[in-house]
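The structure under discussion appears below in the form of structure tokens.
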Amino acid sequence: MSLQPIPDAHQDIGGPAQPLLLIRDLSKHFGKHPGLVRAVDGVSFAIRKGETLGIVGESGCGKSTTSRLIMGLIDPTAGEVIFDGEFVGPGGLPVAEFRRQVQMVFQDSYASLNPRLTIAESIGFAPRVHGLSREATTSRVRELLAAVGLEPDQFAQRYPHELSGGQRQRVNIARALALRPRLIILDEPVSALDKSVEAQVLNLLVDVKEQFGLSYLFISHDLNVVQYISDRVLVMYLGRVVEIGPVEELYSHPSHPYTRALLASRPSMDPDHRRTTPPLTGDPPNPINVPPGCRFHPRCAKALPSCSTAEPEMVKIGKDHHAACFLAETVKA
Ligand code: SF4
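Residues in the sequence shown are numbered consecutively from 87, following the working numbering.
Here's what the structure looks like:
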């Protein structure tokens with residue numbers, strides 16, 4: 087295999103209007119009937135060039151499985167991944183090339199790093215494998231450390247256990263940037279951090295996105311974090327997309343009863359507006375026993391008799407705003 091030096095930037099093939107990533111009917115089912123688990127079940131969405139798309143939902147909704155399917159870490163049961171207009175896979179964009187252009191950052195900053203490699207070795211590993219010279223790798227590592235706010239002289243030769251959780255997550259971000267990707271999938275990247283550190287890492291993500299011309303897929307159970315960082319937000323429930331829209335629109339005028347309940351369950355900072363009854367009742371979602379009809383109907387305060395037999399399609403309810411509920415247009419706040 088001949089190794090090519092890493093180009094400074096990957097080419098924008100289809101122009102700004104072509105989605106960077108298009109996901110079509112992606113599904114992942116585990117096991118067999120009757121114990122079939124529909125972890126992800128016909129999910130479609132696009133990530134536009136330069137945007138941050140947030141994905142929210144309770145645990146078990148399929149948001150993390152979706153990210154692993156996109157990266158090819160697990161094989162899909164069905165569906166297509168299209169990157170800047172090219173199908174990913176045999177006959178299209180090679181998976182290895184896709185994985186250079188799309189990187190991931192996970193929640194667990196420590197498990198993501200090899201404890202026996204110095205920070206410089208961890209960040210420089212992929213560029214070296216891709217044929218960058220030792221000298222060029224050293225200078226790229228120093229640039230990347232500086233870009234994530236870690237003084238190169240102070241941090242390059244340290245080991246992961248010598249760093250705090252926030253510093254390790256900065257190293258993981260530097261490592262994700264090392265091959266000049268165009269998209270970074272961030273799977274609960276700040277969930278393990280203290281609140282003060284969380285804000286610093288979020289601000290860093292905003293800065294590097296601008297500096298490196300990135301797009302983000304940002305997965306989190308934390309609605310406040312997703313609101314802060316996202317341009318658009320996608321809500322998942324039991325392996326399906328139930329609502330997607332621009333962040334201000336979706337947070338101020340949620341349409342799907344699940345989105346409304348999720349937003350209402352956020353802890354209020356105002357003691358005069360504390361809730362007394364929980365807005366989300368009933369059993370938490372279980373992808374083994376997906377209810378017939380609308381999957382949310384056993385927990386939905388607005389459910390009609392037909393909701394337990396027919397499944398709602400995604401409908402447009404505003405500019406760039408869609409929801410899958412029979413009452414979508416009428417219940418919009
Ligand atoms: Fe509730 Fe029916 Fe809408 Fe489902 S389709 S969210 S059960 S009102």
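Beta carbons: idealized from backbone N, C-alpha and C, even for Gly.
Here the structure is a predicted model, which is why all the values come from computation and not from measurement.
Task: Expected contact under 8 Å - CB spacing of residue 397 and residue 411 to nearest Å - done: Contact flag wrong, Cβ pair sits at about 11 Å.
TODO: Along the beta strand (DSSP E) that carries residue 332, what are the first and last residues, could you check?
DONE: 326 to 332
Task: Boundaries of the alpha helix (DSSP H) in which residue 314 is found, first to last residue - done: 309 to 315
Task: Where the alpha helix (DSSP H) containing residue 28 begins and where it ends - done: Since the first residue of the chain shown is 87 and the last is 419, residue 28 is not available in this structure.
- [ ] State yes or no: is the C-beta of residue 103 nearer than 8 Å to some heavy atom of the ligand SF4?
- [x] no
- [ ] State the CB to CB distance for the pair residue 60 and residue 265, rounded to an integer number of angstroms; the pair is presumed to be in contact (CB under 8 Å).
- [x] Missing from the structure shown is residue 60; the chain here goes from 87 to 419 and no further.
Task: Residue from 281, 229, 243, 282 with nearest C-alpha to residue 259 - done: 229
Task: Residue environment, residue 161, which counts as buried when at least 16 other CB atoms sit within 10 Å - done: exposed
Open item on the list: For residue 274 and residue 126, I'd like the C-alpha separation in whole angstroms.
Closed with: 18 Å
Open item on the list: I'd like to know if the region 194 to 203 and the region 246 to 261 are in contact, where contact means that at least 3 CB-CB pairs between them fall below 8 Å.
Closed with: yes
Open item on the list: In chain order, what are the residue ranges of uninterrupted alpha helix (DSSP H) at least 4 long that sit wholly in the region 114 to 160?
Closed with: 149 to 157
TODO: Return the CA-CA distance between residue 251 and residue 276, expressed in angstroms with no decimal places.
DONE: 10 Å
- [ ] Verify the contact flag: residue 382, CB atom, against every heavy atom of the ligand SF4, threshold strictly below 8 Å.
- [x] yes
Task: Three-way DSSP call (helix, strand, coil) for residue 410 in this model - done: coil
- [ ] Using alpha carbons as the reference points, say which of 403, 102, 149, 131 lies closest to residue 324.
- [x] 149
- [ ] For residue 147, verify whether its CB is less than 8 Å away from any heavy atom of the ligand SF4.
- [x] no
- [ ] Using 10 angstroms around the beta-carbon of residue 146, count the other beta-carbons present and answer buried if the total reaches 16, otherwise exposed.
- [x] buried
Task: Short Cβ contact (9 Å threshold) for residue 298 with residue 140 - done: no
Open item on the list: As a quick exercise: from 347, 408, 401, 415, pick the residue whose alpha carbon is nearest that of residue 430.
Closed with: The question about residue 430 has no answer here: the residues shown for the chain are numbered 87 through 419.
- [ ] Measure the alpha-carbon distance for residue 91 versus residue 267 and round it to whole angstroms.
- [x] Low confidence applies here, because residue 91 scores a pLDDT of 49, under 50, leaving its location unreliable and the question unanswered by this model.
Open item on the list: What I want to know is whether the C-beta of residue 342 ends up closer than 8 Å to one or more non-hydrogen atoms of the ligand SF4.
Closed with: yes
Task: Exposure of residue 88, with buried meaning 16 or more beta-carbon neighbours within 10 Å - done: Note that residue 88 has pLDDT 40, beneath the 50 cutoff, so the model's placement of it is unreliable and the number below is only indicative. So residue 88 counts as exposed.
Task: Alpha carbon of residue 239 to alpha carbon of residue 301, nearest angstrom - done: 30 Å
- [ ] Look up residue 249 in the DSSP assignment and say whether it is helix, strand or coil.
- [x] coil
- [ ] For residue 210, name the three-state secondary structure that DSSP assigns.
- [x] helix
- [ ] Less than 8 Å between the CB atoms is what I'm expecting for residue 349 and residue 337, so what's the real figure, rounded?
- [x] 7 Å
Task: Own chain partners of residue 408 with C-beta closer than 6 Å, once the 5 adjacent residues on each side are dropped - done: 330, 400, 402
Open item on the list: I'd like to confirm something about residue 412: is its beta-carbon nearer than 8 Å to some heavy atom of the ligand SF4, or not?
Closed with: yes
Open item on the list: Quick check: is any heavy atom of the ligand SF4 less than 8 Å from the C-beta of residue 402?
Closed with: no
- [ ] If I'm right that residue 117 touches residue 171 with Cβ under 8 Å, what's the distance once you round it to whole angstroms?
- [x] With 8 Å as the limit, residue 117 and residue 171 do not qualify as a contact, their Cβ atoms being about 35 Å apart.
Open item on the list: Can you give me the C-alpha to C-alpha distance between residue 315 and residue 133, rounded to a whole angstrom?
Closed with: 14 Å
Task: Start-to-end residues for the beta strand (DSSP E) that takes in residue 166 - done: 164 to 169
Open item on the list: If you measure between the beta carbons of residue 184 and residue 210, is that distance less than 9 Å?
Closed with: no
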